Each structure stands twice: as structure tokens, then as C-alpha cells.
Amino acid sequence: MTERHHVSCWLTDMDGVLVHEEQALPGAADFIAALQENDLRFLVLTNNSIYTARDLRARLLRSGIDLPEESIWTSALATAQFLGEQMPGGSAYVIGEAGLTSALHEVGFVMTERDPDYVVLGETRTYSFEAITRAIRLIEKGARFIATNPDVTGPSPEGSLPATGSVAAMIRQATGIKPYFVGKPNPLMMRSALNRIEGHSETTVMIGDRMDTDVIAGMEAGLRTVLVLTGSTRRSQIETFPYRPTRVEDSIADVVPLVSELAPKG
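Each residue of the sequence shown is one higher than the last, beginning at 1 in the UniProt record's numbering.
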């Protein structure tokens, strides 16, 4: 990665890179400390829309990773920013939790079940059949369909859980309306993250554990990418994709030395 430019900004996925089931992965705290010591701009990205940035900061702190609330960028925040720009003061019927509803409130959106401008689908621990049915009927009446992220499953100690992408597919099948997904791998989320830290694609690196979201999102936004092998994508699977990360590392611990090595000098 040294042949192009120095690296003044870093974007990193959270689950599978920094933490696994709320336990910090080796090197995660050292990586954040290295960014802060080198005075580099960074954001931790997550497609999970359940939690607010404040909630996530507290969860990370319990695992031993200390970073400011402002350094966390969720698909819920990106979705709210997008909708606030698209239709200031709009309304939405929301399937989701505090991370999404509070983000939409912050940009001035009104939550309603009566003729909303948008149906906004996010992550929730318990998808209600009644809520999904209402969403389908509102979309049939003309509400625009937005989803925070396309992930079809999420992790749990017992195994996979159906996630936003799976429920979005059900609503799409019922209505014939395709949702607009804001979160990774949509480059929109990457560009909103870059704008938030005043980063430039030439001098920013994206770190992730998934080829199909993190790496492709970084690549399509013009960033160099690092795939770490502590999450979803295994080394043997890399060859099955038609694109490549700039670099592959076993874990975030292997990225720590690169922070100082690639930091702007002088």
C-alpha cells in the first residue's frame, strides 16, 4: 500500500474486525490508540442500525476499546442523513430500534403510520409480522421504500438470525417494490463517512472482514482496502470474488504497525 500515497484517514468495520460478540479482538485497542497517537482522522462503521453511537461507544468501552461517540458511523445515521437531505421535515413509518428512530428524529423526521413519505426498514431483535404487513400496505399506497442495509443474516451465539436484507426481500416480493439500501456496500455510506471526517479517497483506507460488503464498498469508493480474516470471509474464499483487496492480514493486530508506517510525515 506504500506505493501510492500516505494514509491520513482510516475507515474500519466494527464486528469481525474490532470485536466479536462484544469481546475485543486482539490488537483492536492498540489500533485505535495508534490512530489517536498519530493524530489521524478515523471512523468505525457498522451496518447495524439497532444501537445509537452512544450505545456502541459504551459497548466498545466495556470490551476495552475507547473511542469517542463522534467516531462511530452507523447505517442508521447514514440513512437519516440521506433522508434529511432528500426530504427535509419528511415522515416515515419505521421498523427498527432506537439507533434508527433517534437518528431520524435528529434530522427532523416525524414517525407516523398515516401516509408516510417513506417506509424505513432497519434491524430489530424481534421483527413483527403485524409491522411488516403494515409496511407492505403503506408501500402499496405509495410510500417510498428505504432499508438501512442489505445484510441478510446477523450473528448470535446460537447461530444466524434473519436480518434487514431478509425482511426487505419479503416486503419486495409482496409489493414488487425494490428498496433503496443505504448501508454498505452502497458507496453512499462510504462517501458520507469520508465527508464526515473530511477524508479523501486517495489517502484513506477501508478495513473490513467481508469481501461482499466492506471490500467492495471501499473499492467502489476509490479507497485502498484491507481484508482481515477474523470475521466472515475466509482466506480460501477470496479467490471466488472477481475483485481483490489491496492487502490481506490475519487480524487488526497486523494493521497496527501500518498506521505509523503510512502516516503523513512532517
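No residue lacks a Cβ here, since even glycine has one placed at the ideal position from N, Cα and C.
Just so we're clear, the structure is a prediction, and the values are computed from it rather than from any experiment.
Query                                                                                                                                                                      : Result
What is the residue span of the alpha helix (DSSP H) that I136 lies within?                                                                                                : F129 to E140
Just verifying my parser: in three-state terms, what is the DSSP assignment at P257?                                                                                       : helix
Exposed or buried, which one is G231 when buried takes at least 16 other CB atoms within 10 Å?                                                                             : buried
Relative to the C-alpha of D115, which candidate in S91, E130 and I136 has its C-alpha closest?                                                                            : S91
Contact defined as beta carbons within less than 8 angstroms: I believe G108 pairs with T148. What is the distance between those atoms, to the nearest angstrom?           : Actually they are not in contact, since the Cβ atoms of G108 and T148 sit about 18 angstroms apart, beyond 8 angstroms.
Compare the C-alpha of L45 against each of G16, D30 and M170 and name the closest.                                                                                         : G16
Is it buried or exposed for G218, if we count other Cβ within 10 angstroms and need 16 for buried?                                                                         : buried
Could you give the C-beta distance for V94 and T101, rounded to a whole number, given that I count them as a contact under 8 angstroms?                                    : 6 angstroms
Suppose the cutoff is 8 angstroms on Cβ atoms and the five residues either side in sequence are ignored; what does the same chain contact list for R235 look like?         : L229 and V248
Within 10 angstroms of the Cβ of N195, are there 16 or more other Cβ atoms? Answer buried if so, exposed if not.                                                           : exposed
Assign D214 to one of two classes, buried (16 or more other C-beta atoms within 10 Å of its C-beta) or exposed (fewer than that).                                          : buried
Chain D beta carbons: is any one of them nearer than 9 angstroms to that of A34?                                                                                           : Structure shown: chain D not included; a single protein chain is present.
For P185, which of R57, M211, V255 and A135 has the nearest alpha-carbon?                                                                                                  : M211
Where does D212 fall in DSSP's three states?                                                                                                                               : helix
Which residues in the same chain as A24 place their Cβ atom closer than 6 angstroms to its Cβ, once the five residues preceding and following it in sequence are excluded? : S63, G64 and I65
Mind checking whether F31 and I197 have CB atoms under 9 angstroms apart?                                                                                                  : no
Taking the alpha carbon of A80 as the point to measure from, which residue in M14, T126, F181 and F241 has its own alpha carbon closest?                                   : F181
Using 8 angstroms for Cβ pairs, my map puts A34 next to S260. What's the rounded Cβ distance?                                                                              : 6 angstroms
Run through the DSSP bridge pairs and tell me what G222 is partnered with.                                                                                                 : G222 pairs with nothing; no bridge assigned.
For a quick check, are the C-beta atoms of I136 and I171 less than 9 angstroms apart?                                                                                      : yes
Is R54 buried or exposed, if buried means 16 or more other CB atoms sit within 10 Å of its CB?                                                                             : exposed
How big is the Cα-Cα spacing for H6 and G154?                                                                                                                              : 35 angstroms
Assuming D117 and A78 form a contact by the criterion Cβ under 8 angstroms, report the distance between their Cβ atoms to the nearest whole angstrom.                      : Between A78 and D117 the Cβ distance is about 18 angstroms, and since that is not below 8 angstroms, they are no contact.
Find out if the Cβ-Cβ distance for the pair I146, V167 is shorter than 9 angstroms.                                                                                        : no
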